[in-house]
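Q: Chains as they are written, first to last, in this note's numbering: chain A, 1208 to 1320; chain B, 239 to 659; chain C, 4 to 656; chain D, 21 to 244. Starting off with a structure, shown below.
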Ligand code: HEA
Ligand code: HEA
Ligand code: CUA
Ligand SMILES: [Cu+2]
């Protein structure tokens, strides 16, 4: 089965982690994306456009993936870990989206007439 | 081996159960959901029958197979070592696909039925607003300008659309013989509609089906299906203000003011006849609609005191008691409360306190005397008012200082309330 | 080779364990922790059962006056909560603990002390939520505690505080245990025990751990919201501030529906062990049974709103949730038919365990089918919140989970205690239980469809429900003797049952290859597995001809344990090809390092209990005492946790 | 064979099926579980956004009908951007700390840069420090909101905002304590490559807390 044939080296040196060279580039990319996000927030034309929300979502997803892949070493580590993380993540996102649809119809009224 | 006969007995139970189900449609089971009285229930029953058809096949197949296997393959002394099978792809595919096919036969009518009853009520539907309260029902007919409680009148043949809301926690509105249930809650407005098109003038029980606190079991109501003409008469009666004392029809227009009322003398009362609209005849109520809840032990009122109740005195007593802070009687200018049920036409109702008791003088008197003993209530609802009674929530004894009423005063109020037809 | 070697006497096995009270308080042995779970859960079963019997006595006739509305509401709330969280889940946990390491050929779970911690948290949480009923202050909002009824505005008493905090405590226990068992199954399997060779019970347990890992965080958050609302005045469920009354319902059922599969899958796993053993055949369609378990678990996350068909979600949601719910019939049906075909062509021995397993197939099918009838929203609108639903879930919970667990208990008792339970008493228990069960719950189908709502403490005469209620009540009264027979049999057999031997049922999996009860280290040498039925490879090689065998995974194992084999010199090889171990030696003799007993997990759990108990005190207005309790509980928690983490688990050796 | 303070059986002497460390398998499952936890919190926040009966509100100005007072939109994007940046950078120092522990015993690269990069104490300290700075910003944010009238009881936004960000803050706090403990051990006896799993799981937790903030920053602060 899938999980059985992971890397069999001992965990102490299971994988060659990237080094400072890579880490600093990752940090730089993260900084740039964040700066761009905040900048976009202050451009009224952008905020008003229909692309604003998808754009922000994509950028934050990109940051998310970068951190997980490089800083959490998911790119280099055992396949098992990828499964342990992405499975739950998918269920969590599906649940979140489902909830947003289901609960969108509620109207806060306070009391009743 | 004894083990083999078990599911057979079960099959026998099920076989015996089917006729029971049929019998369930008869009068022996007055709250049965298996009726054909509305479009909703015909639809739901059609679906149920479809499902039962397949369910019976699946059930019989599984249980018979199980019994057969148990009988056929039980261990026999000296029997051969069983053939070792590990699986059979064709068989396994079969019992994956067949249930899937059965489910299609169930799912298609299900989906049709969902859309049929959830795409808005017919335009000509009668509009009824239902508001759930802990633990009673408020019914409003906005077109007819009616506010009433715990008893519904529905014209036969016309679709009725309920708008469902709640004043507090979640409740659920259900008349099993007419339709499925829908929840009532705050910050969300629900609807439910059906047409009582295959029904004679009849009385039904309804109940609350979402657990809503201490008296959830006691949150019942009644529904009457009546002819359009009777409905109109009832509606006209309910829409009118309460008239007290009841004056000759020509003399007093609806809505006499307090001063005129106070000035009226005893003989006008005697001369008056109540002008009420149609009410479902008490004599035609089937037994299951008449409440049989026993009166709690230790709660009494003497017959002679009760008989001596005087409506005039009662009117005045009522109008200066705490009642007016919670109850509304249109036509009685001091009675403006909105917390409790509208009492304007209390006398036209057949039941009391959300279907818990028959609406007669004794029950009414005991209710006023110690409502919290008659029905488990919250500290925010109808208080215990009889002098000397112990409030089951506050554990205090009611005194005059706390607004306590003597049996005589209560009897007077009862006499007054009974005139509100 | 073919027969099991003479079994050791019982005294011998008992002698190797210390049995004093401190031993139980400090144990980190998964088998003993399993035993603790088992006994505690049986105790709570009695509590939940007595609550049910009182309810049935109240409902025996119309307008019953045995208990008041307030008491009745506490009874059904606590009955449901107890049975779900304090009985079935812990009974399953008892089996997870006892069986998983034995079935996969491990010496312990991945985190033995965390395991002890889970148990103590469960015990404290269980007591926390149960004790108030003796003071007429038990939770009374139903087992799913719908808001806004359960908010401070409508339930100002302490009652609901015990529920919201108690379930939160129990959640900690379940989550800690789930991480532990999932890690154990992923990482502690013997060489050659690939996933597709795991015993089916371990498979189903694995799915259950995932359901817990993914479903419990949701209820944790939902409960935090409720706690914040009740204790700190937030507005999550406060309708007067505009909150949505459905938020709680959705969050609860996102947890609640996977929860019902958490309850049933371990029982499915147990009968998947029982049926092949007593049919002398391997499980039919092993792979499909495993995959269908995964599929049930996965689909279970997409159907939650079928508990909410009456709330008016609109036609789209009703359609989606109705249809996805129906889909679950497919993988479940696959299991049912695979079980029946496991028996097909077999040589069936009707032991008590087998009777219960077969009863599960028969009874669960009824519950499953009624489940399908409420998967259709228009039909469910007539059924929801009536006794028809009560019938459904008792058929799946009692007829499924409880029957399966009884099957497992009779089956594994010899392994657990070295002796068999009495079969004659077992037969009595089974029949009485079976008849009483059907008598109790079958009539509820009728009561429900004939209009009887659930959760009512009283109903009026003449509604057409009297007969069914009377039958149900008689049935419930009959369940009590059935259960008492079981308890008598259980406790008597521990010391007086027939001595069982290693493998009394001629079963096929690893746990039966070692002495009964197992020594503390389980396996003197870790068996190297070549197939799905390793023990039958030895005892019935002729049965095993048709299935694949391989030495997959052996090389790694040898390589990775090799260091140990040679370093000490005096040790035997740590791993060895599949073999039967009938000899019982001490861990010391064998040079197997065992984790030290420790009381720290218990104290950490106690710290949690004190922390949570401070909140009701605060609610009562005694702030100073509450803060003191928080300080004490907090420092107990942190202090003992540090002490635990900085103490090595094993002695240096 | 002496053991370090290991909860699990050390992999060097006990066989694990996958060859991976038990603790690492467990922490990844824990993170999976946390995904569901934060999904529930975030969905609640998003559902209640725009459903408030009273202000203050995150992105819109609001007039109090009673006092006639106009309240500005309450979120302070510049300040939060800075704290977001700090938290992001803490992830960098975290990976450097882990790398330093893993490479201990190997020859240190020449030069000051090499020495700095191989100091696990420095990077653990930096990570803790940045975590603490983030918490400081959050404390500042919370108090200023309370001054502007937004409490956890005020409205749906207040309840869901403080709970969501508060839960995240609690996670950061736990992380700072955890890393602080590792730092203390490092100072006392020096973390060795065999201890790297401890640092590794702490790091995974820390990064996860960071990615959650990435999501929160966008969903709560930037999207209006
Ligand atoms: C062990 C627990 C357990 C299990 C396994 C199930 C299994 C199922 N449940 Fe049940 N359920 C509960 C426990 C469980 N349930 C509880 C506790 C409640 C009530 C909670 C409360 O309100 O208090 C509840 C309530 C409940 C509801 C809400 C009812 C309401 O409140 O209105 C619904 C609605 O869809 C439902 C459906 C189902 C379905 C479709 C299955 C399916 O998984 C069943 C599948 C099995 C079969 C169908 C039988 C075998 C299959 C075959 C032989 C193949 C062929 C079959 C067909 C083609 C039909 N359940
Ligand atoms: C695993 C779960 C489980 C189990 C095993 C049971 C077992 C039983 N349940 Fe359970 N039940 C639930 C789960 C379960 N229930 C849930 C989740 C609810 C919903 C709660 C809610 O609505 O919130 C519920 C609700 C519920 C109701 C509906 C209450 C209502 O809506 O008003 C009823 C009514 O009859 C009932 C009855 C029974 C009975 C008679 C048993 C019997 O099987 C019990 C058998 C009893 C025993 C085996 C022990 C008996 C032993 C003794 C009595 C010893 C005697 C001792 C001395 C004399 C000292 N249950
Ligand atoms: Cu209202 Cu139940
Ligand atoms: Cu469900």
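In this text, a Cβ means the ideal position worked out from N, Cα and C, and glycines have one as well.
So residue 530 of chain C and residue 537 of chain C are in contact, right, with Cβ under 8 Å, and what is the actual spacing, rounded?
A: About 7 Å; that satisfies the 8 Å criterion.
Q: Which residues in chain D have a C-beta closer than 7 Å to the C-beta of residue 1271 of chain A? List them in chain order.
A: Going along chain D in sequence order, the residues near residue 1271 of chain A (Cβ under 7 Å) are 231, 234, 235.
Q: Which stretch, first to last residue, makes up the beta strand (DSSP E) that contains residue 365 of chain B?
A: First-last of the beta strand (DSSP E) with residue 365 of chain B: 364-371.
Q: Take residue 36 of chain D and list the residues in its own chain whose beta-carbon comes closer than 7 Å to its own, dropping the five residues that flank it on each side.
A: Cβ neighbours of residue 36 of chain D beyond the five flanking positions: 42.
Q: Pull the bridge partners of residue 391 of chain B from the DSSP assignment, please.
A: Its beta-bridge partners are B:462.
Q: Determine the chain C residues that contact residue 1315 of chain A at a beta-carbon separation under 7 Å, and present them in chain order.
A: Residues of chain C passing the Cβ test: 245.
Q: Considering only residues of the segment 198-235 of chain C, which uninterrupted alpha helix (DSSP H) runs meet the minimum length of 4 residues and lie entirely inside it, listed in chain order?
A: Correct list: 203-230.
Q: Can you name the residues of chain D whose CB is closer than 9 Å to the CB of residue 220 of chain C?
A: Simply 53, 54, 55, 56, 57, 58, 59, 60.
Q: Rounded to whole angstroms, what's the CA-CA distance from residue 325 of chain C to residue 228 of chain D? Just pull it up for me.
A: In a straight line, the C-alpha of residue 325 of chain C is about 36 Å away from that of residue 228 of chain D.
Q: Return helix, strand or coil for residue 88 of chain D, following the three-state DSSP convention.
A: Reduced to three states, the DSSP call for residue 88 of chain D is coil.
Q: Work out the CA separation of residue 147 of chain D and residue 137 of chain D for me, nearest whole Å.
A: Their Cα atoms are separated by approximately 14 Å.
Q: Check the Cβ of residue 238 of chain D against every Cβ in chain A and list those closer than 8 Å, keeping chain order.
A: Neighbours of residue 238 of chain D on chain A, chain order: 1244, 1263, 1264, 1266, 1267.
Q: For residue 34 of chain C, I'd like the list of residues in its chain whose CB is within less than 6 Å of its CB, leaving aside the five on either flank, ordered along the chain.
A: The answer, listed in chain order, is 101.
Q: Does any residue of chain A have a CB that is nearer than 8 Å to the CB of residue 217 of chain C?
A: It does; some Cβ of chain A falls within 8 Å.
Q: Would you verify that the beta carbon of residue 209 of chain D is, or is not, closer than 8 Å to some beta carbon of chain C?
A: False, the Cβ-Cβ gap to chain C never drops below 8 Å.
Q: Would you say residue 423 of chain B touches ligand 3, meaning its beta carbon is less than 7 Å from a heavy atom?
A: Every heavy atom of ligand 3 is 7 Å or more from the Cβ of residue 423 of chain B, so no.
Q: Closer than 7 Å by C-beta to residue 575 of chain B: which residues in its own chain qualify, once you throw out the five before and the five after it? Chain order, please.
A: The residues are 562, 563, 564, 565, 566.
Q: Counting only beta-carbon separations shorter than 8 Å, does residue 564 of chain B have a partner in chain C?
A: So, not an interface residue.
Q: Using a threshold of 8 Å, state whether the C-beta atoms of residue 393 of chain C and residue 371 of chain C are closer than that.
A: Contact flag unset, no.
Q: Skipping 5 residues on each side, what residues in its chain have a beta carbon closer than 8 Å to that of residue 217 of chain D?
A: Within the same chain, residue 217 of chain D has close Cβ partners 41, 43, 44.
Q: Check the DSSP bridge columns for residue 404 of chain B and list the partner residues they point to.
A: In DSSP, residue 404 of chain B forms a bridge with B:370.
Q: Need the endpoints of the beta strand (DSSP E) that residue 441 of chain B sits in, please.
A: From DSSP, the beta strand (DSSP E) with residue 441 of chain B extends over 440-446.
Q: For residue 189 of chain D, which residues does DSSP report across the bridge?
A: BP columns for residue 189 of chain D are empty, so no partner.
Q: Is the Cβ-Cβ distance between residue 168 of chain C and residue 605 of chain C less than 8 Å?
A: Result no, Cβ atoms of residue 168 of chain C and residue 605 of chain C do not sit closer than 8 Å.
Q: Closest to residue 328 of chain B by C-alpha separation, out of C:267, C:621, C:291, C:196, would be which residue?
A: Among C:267, C:621, C:291, C:196, the Cα nearest to that of residue 328 of chain B is on C:291.
Q: Is the shortest distance between the beta-carbon of residue 28 of chain C and the beta-carbons of chain A less than 8 Å?
A: Judged by the 8 Å Cβ criterion, residue 28 of chain C is not in contact with chain A.
Q: When we look at the beta-carbon of residue 1159 of chain A and count the other beta-carbons within 10 Å, is it buried (16 or more) or exposed?
A: Missing from the structure shown is residue 1159 of chain A; chain A here goes from 1208 to 1320 and no further.
Q: Does chain D have any CB closer than 8 Å to the CB of residue 1226 of chain A?
A: It does; some Cβ of chain D falls within 8 Å.
Q: Going residue by residue through the segment 432-505 of chain C, where are the continuous alpha helix (DSSP H) segments of at least 4 residues, counting only ones entirely within it?
A: Complete alpha helix (DSSP H) runs here, min 4: 469-499.
Q: Just the Cα atoms here: how many angstroms apart are residue 194 of chain C and residue 268 of chain C?
A: Cα-Cα distance, rounded: 26 Å.
Q: To which residues of the same chain is residue 109 of chain D closer than 8 Å at the C-beta, ignoring the five residues directly before and after it?
A: The residues are 150.
Q: Is it true that the segment 168-184 of chain C meets the segment 117-127 of chain C, where meeting means three or more beta-carbon pairs spaced less than 8 Å apart?
A: Yes: at least three Cβ pairs fall under 8 Å.
Q: Hey, would you say the C-beta of residue 672 of chain B is under 7 Å away from at least one heavy atom of ligand 4?
A: With chain B covering 239 to 659 only, the question about residue 672 of chain B has no answer from this structure.
Q: Residue 337 of chain B: buried (16+ other C-beta within 10 angstroms of its C-beta) or exposed?
A: Buried.
Q: Can you give me the start and stop residues for the beta strand (DSSP E) that residue 420 of chain B sits inside?
A: Taken as a continuous stretch (DSSP letters only), the beta strand (DSSP E) holding residue 420 of chain B covers 420-422.
Q: Closer than 7 Å to a non-hydrogen atom of ligand 5 - does that hold for the CB of residue 306 of chain C?
A: Within the structure as shown, ligand 5 is missing, the only ligands being ligand 1, ligand 2, ligand 3 and ligand 4.
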